[in-house]
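Residue numbers (this note's numbering): 52 to 437.
And the structure:
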C-alpha cells in the first residue's frame, strides 16, 4: 500500500493501493478516504486489475458513492508516476456538485445528438450562485471517436470548458474501459459536469516545436485513422526516411520522440503514430484525412518544460491545492526511455498532480496526443477574501 496522504491538498482525499488483488486494492484505497461528505470519486485502474472485480468491490465498499473513472496507461499518484496503483480521488460535497451522462454505444458519434444531450444535461443541472462549472470527458481510448465527440461536447456545452483524456490499458492497446453507473463500459464515453466554488484554471502543454519538414497525407482511410501514403510514397517508408530511421526500427519509442504536428490557426497539436501495419501503412491516435499537411516536430527538454508549465498560480499568486492531470502515455514512454522517471515523478509530486496516463487528451474542442491537459484548483474566492 502507498501512503495516500496528499500533503497540502486537503480539498480532495486520495486513496492508493498497489495490491494485485482487486478486492484488497479497493478496500485499502477506500480506507484512506473520508467516511462521509463525498460528492463523487474518480477511479483510475491499472492494467493489472480485473475491471469486473474492481466494479464489484467498489459496489461493496462504496455502495452509496458516485464513482467515475477508467482503465489507464499508468497512474499519477501523490508519489508521481505508477504502473500498478489503483487510485481513488474523492471530491467533497462542500466544494463540488456534479451531474453525469454515459454515451454508450459511442460509435458512431452523432454531432447533433451528442451536442444536444450535453446541452440538456447542463440545463437540467441546477446552478448554484457564485459557483463555476467545468466538464470532464473520458472516452474509450480505442474507439477512434474522440475527435468528433469532443467537438460535439464543446459545441453543446458552450462556455463550460471541457477537459479530458482517453482511457488506456498500459501500452497494450487491446481494450479500454470507462466507469459509470457501477460498471466498466467498452465503446463508451463519460461526460461529467462539475460545479465548484473553487477557483480553477486550465493547463495544456506539450514539449514540441515544428520543423521545416512536411508530410502530406496522399492516401488514407480516415474512419480507421490509417495513412497508407505520405508524399506519394508508402507511409512508413517516407516517415522513416524523413526521421533518419529504417522501417524495421520504427517502434513506440521512435514515434514518441518523432511525432508529427497539425496546425490549427496559431496552435500546433500532436498527431501521434500508434503502429506500422504489415503493408507499410501507419495507424494514428488522432484524426487524419486525405490532403492533411503534417509537420515533423522537434522536442524541447521534457522535464524542464513540464516543471515550468505546471508552475501555475492562482489569483493571488498561491500554488494549487492540486492539479487533476490527463497526461499522454507516449509522453511517459519518452520519459522512461530517457531514464527520467525519477525526475518526472518529483516534478509531479512537487506540483501536486493527480491523474492518469491517457491514449489521447481533450481540451478546447480538440483531441490531441503527447500533451498534458489538466485543471488546477485554488482556494475559493470567498475564502481568499476572509
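The beta carbon of each residue, even a glycine, is placed where N, CA and C say it ideally should be. Fair warning: this is a prediction, and the values are worked out from it, not measured in the lab.
Review point. If you compare alpha carbons, which of 108, 131, 104 and 92 is closest to residue 400?
Key: Here the closest residue by C-alpha is 131.
Exercise for review: Look up residue 81 in the DSSP assignment and say whether it is helix, strand or coil.
Suggested key: helix
Check your understanding: Between 260, 226, 341 and 228, which lies nearest to residue 283 when the distance is taken from Cα to Cα?
Key -> 341
**Study point:** Minimum C-alpha distance to residue 101 - residue among 384, 351, 203 and 76
**Key:** 76
Practice item. Can you give me the start and stop residues for the beta strand (DSSP E) that residue 154 sits inside? Key: Where residue 154 is concerned, the enclosing beta strand (DSSP E) stretches over 147-154.
Point to revise | residue 302 versus residue 289 - alpha carbon distance | key: 15 angstroms
Review point. Is residue 259 closer than 8 angstroms to residue 348 when the C-beta atoms are compared?
Key: yes
Check your understanding: Do residue 324 and residue 306 have their C-beta atoms within less than 8 angstroms of each other?
Key -> yes
**Study point:** Straight-line gap, residue 225 to residue 254 (C-alpha atoms, nearest Å)
**Key:** 29 angstroms
Check your understanding: In angstroms, rounded to a whole number, what distance separates the CA positions of residue 155 and residue 257?
Key -> Rounded to the nearest whole angstrom, the CA to CA distance from residue 155 to residue 257 is 31 angstroms.
Point to revise | For residue 56, three-class secondary structure by DSSP | key: Low per-residue confidence applies at residue 56: pLDDT is 47, beneath 50, and the placement is therefore not dependable enough to give any value.
Exercise for review: Please report how far the alpha carbon of residue 261 lies from the alpha carbon of residue 174, in whole angstroms.
Suggested key: 41 angstroms
Point to revise | Distance CB(residue 63)-CB(residue 373) smaller than 8 angstroms | key: yes
Check your understanding: With 16 as the cutoff for other CB atoms within 10 Å, does residue 71 come out buried or exposed?
Key -> exposed
Exercise for review: Might you give, ordered along the chain, the residues of its own chain that have their beta carbon closer than 7 angstroms to the beta carbon of residue 370, omitting 5 neighbours on each side?
Suggested key: 364
Practice item. Report the option in 202, 134 and 179 whose CA atom is closest to the CA atom of residue 162. Key: 202
Practice item. Can you tell me which of the three DSSP states residue 290 falls into? Key: helix
Practice item. Starting from the C-beta of residue 351, find all residues in its chain whose C-beta is less than 8 angstroms away, skip the five residues before and the five after it, and write them out in chain order. Key: 258, 259 and 260
Practice item. Sort 291, 243 and 346 by Cα distance to residue 326 and report the nearest one. Key: 291
Check your understanding: Just to confirm, are residue 247 and residue 182 a CB contact at a threshold of 8 angstroms?
Key -> yes
Exercise for review: Select from 65, 150 and 382 the residue whose C-alpha is nearest the C-alpha of residue 136.
Suggested key: When C-alpha distances from residue 136 are compared across 65, 150 and 382, the shortest belongs to 65.
Check your understanding: Roughly how many angstroms lie between the CA atoms of residue 296 and residue 358, to the nearest whole one?
Key -> 31 angstroms
Exercise for review: Please name the residue in 245, 298 and 184 whose C-alpha comes closest to that of residue 329.
Suggested key: 298
Review point. Exposed or buried, what is residue 242 when buried is set at 16 or more other beta-carbons lying within 10 Å of its beta-carbon?
Key: buried
Review point. With a cut-off of 8 angstroms, do at least 3 Cβ pairs link the region 398-417 to the region 211-220?
Key: yes
Check your understanding: Looking at the unbroken beta strand (DSSP E) that takes in residue 382, where does it start and where does it end?
Key -> From DSSP, residue 382 is part of no beta strand (DSSP E) but of the alpha helix (DSSP H) over 380-388.
Check your understanding: Near residue 418, which residues of its chain fall below 6 angstroms by C-beta distance, leaving aside the five closest residues on each side in sequence?
Key -> Here residue 418 has 197, 198, 201, 337 and 411 as same chain residues with Cβ atoms under 6 angstroms from its own Cβ, once five neighbours each way along the sequence are excluded.
Practice item. May I ask you to report which of helix, strand or coil DSSP gives residue 424? Key: strand
Review point. In terms of DSSP beta bridges, what is residue 413 paired with?
Key: 215 and 418
**Study point:** One or two residues paired with residue 121 in a DSSP bridge
**Key:** 95 and 229
Point to revise | Distance between residue 413 and residue 209 (C-alpha atoms, nearest Å) | key: Going by the C-alpha atoms only, they are around 15 angstroms apart.
Exercise for review: Quick one: give me the first and last residue of the beta strand (DSSP E) that residue 393 is part of.
Suggested key: If you look at residue 393, you'll find it isn't in any beta strand (DSSP E); it sits in the alpha helix (DSSP H) that goes 392-401.
Practice item. Consult DSSP for residue 357 and reduce its assignment to one of helix, strand or coil. Key: Look at residue 357 here: in three-state DSSP terms it is helix.
Point to revise | Beta-carbon separation (whole angstroms), residue 279 vs residue 332, contact threshold 8 angstroms | key: 4 angstroms
**Study point:** residue 425 versus residue 416 - alpha carbon distance
**Key:** 14 angstroms
Check your understanding: Just how far apart, CA to CA, sit residue 394 and residue 355?
Key -> 10 angstroms
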